[in-house]
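Peer 1:
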Amino acid sequence: MAKLESSLKNMILSLSIISLISSSLLAGIYTVTKEPIAIAQSKKQQDAIKDVLPSKNATVGEPVEIKLEGKEIPFIIYPAEEKGELVGAAIQTYSTDGYAGTIEIMVGVDNKGEVSNYTILSSAETPGLGSKIDQWFKSSKANQTIIGKNPDKVNFTVSKDGGDIDAITASTISSRAFLSSIRDAFEAYKTYQADQQPKQEEPELQEQSQNTNSHE
14 MAKLESSLKN MILSLSIISL ISSSLLAGIY TVTKEPIAIA QSKKQQDAIK DVLPSKNATV
74 GEPVEIKLEG KEIPFIIYPA EEKGELVGAA IQTYSTDGYA GTIEIMVGVD NKGEVSNYTI
134 LSSAETPGLG SKIDQWFKSS KANQTIIGKN PDKVNFTVSK DGGDIDAITA STISSRAFLS
194 SIRDAFEAYK TYQADQQPKQ EEPELQEQSQ NTNSHE
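Take any residue in the sequence shown, note its place counting from 1, add 13, and you have its number in the working numbering.
(1) Could you check the C-alpha separation between Glu200 and Leu66 for me, to the nearest Å?
(2) Suppose you measure from the CA of Ala103 to the CA of Asn163; what does that come to, to the nearest Å?
(3) Using DSSP with H/G/I as helix, E/B as strand and the rest coil, what is Tyr131?
(4) May I have the straight-line CA-CA distance separating Leu99 from Thr204, to the nearest angstrom?
(5) Tell me the DSSP secondary structure of Thr170 in three-state form.
(6) Could you tell me which of Glu117, Leu142, Ile34 and Pro92 sits nearest to Ser193, measuring between CA atoms?
(7) Leaving out five residues on either side along the sequence, give the residues of the same chain with a beta carbon under 7 Å from the beta carbon of Ile79.
(8) Measure the beta-carbon distance from Gly101 to Gly121 and round it to whole angstroms, keeping in mind my assumption that it falls under 8 Å.
(9) So, at 6 Å on beta carbons, what are the nonlocal neighbours of Ala113 in its own chain, with the 5 sequence-adjacent residues on each side left out?
(10) Since I believe Gly111 is in contact with Leu143 (beta carbons under 8 Å), could you give me their beta-carbon distance rounded to a whole number of angstroms?
(11) Near Gly161, which residues of its chain fall below 7 Å by C-beta distance, leaving aside the five closest residues on each side in sequence?
(12) To the nearest angstrom, how far is it from the Cα of Ser172 to the Cα of Pro211?
Structure (structure tokens):
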């Protein structure tokens with residue numbers, strides 16, 4: 014019995030040591046790879062911003078987070094200026110309704126409100142089906158592409174649901190999620206534009222200001 018207890022203690026001790034060593038190794042690997050992964054992700058994001066902007070000569074301003082009602086994660090606006098004028102933006106958008114989970118997208122919009130380009134940041138959609146979102150909506154086919162179109166003038170919903178855009182064959186769920194993310198991106202951009210407009214004084218404050226000036 015004593016021998017059995019001794020063996021059990023040795024086994025527990027061995028497992029504890031192995032577990033400790035494994036944890037230390039994993040922590041070390043995480044520390045070593047953390048920075049390179051972060052650098053790679055940052056480069057991917059910066060490349061995506063450049064790819065979708067309406068002008069390659071534009072200067073990208075500081076990112077602005079925009080919250081939309083009913084959405085937990087904010088959308089990120091990267092305003093693009095050229096010669097001091099806003100020429101559009103890159104918008105980091107997403108949908109949690111993809112067939113295989115969340116889809117993250119960077120979409121560009123010009124100052125006319127038209128899609129200039131888009132790129133997929135992350136997606137786990139089915140290879141050969143939903144994964145086609147990376148190119149499908151850039152097609153030269155008029156009823157398939159979103160490039161050069163304004164969602165305020167074109168219904169960015171799949172034709173199966175009464176919209177103007179054809180879904181990917183056998184991938185309606187992925188198509189719906191993608192188009193939903195683009196519509197949300199434009200709502201976020203319009204909110205951003207509204208926030209940039211100079212706020213007008215309240216009528217009452219304007220009247221008080223005029224009365225003050227008249228008594229001087």
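Even for Gly, the Cβ is constructed at its ideal location relative to N, Cα and C. Remember, it's a predicted structure, so these values are computed and weren't measured experimentally.
Peer 2: Looking at the coordinates:
(1) 18 Å
(2) 15 Å
(3) strand
(4) For Leu99 and Thr204, the distance between alpha carbons rounds to 15 Å.
(5) In this structure, DSSP gives Thr170 a state outside helix and strand, which the three-state scheme calls coil.
(6) Nearest neighbour of Ser193 by Cα position, chosen from Glu117, Leu142, Ile34 and Pro92, turns out to be Glu117.
(7) Pro87, Phe88, Ile90, Ala201, Thr204 and Tyr205
(8) 6 Å
(9) Ala137 and Glu138
(10) Residue 143 is actually Gly in this sequence, not Leu. That belief holds up - the Cβ atoms of Gly143 and Gly111 are roughly 7 Å apart, short of 8 Å.
(11) Glu127 and Val128
(12) Ser172 and Pro211 have their C-alpha atoms roughly 39 Å apart.
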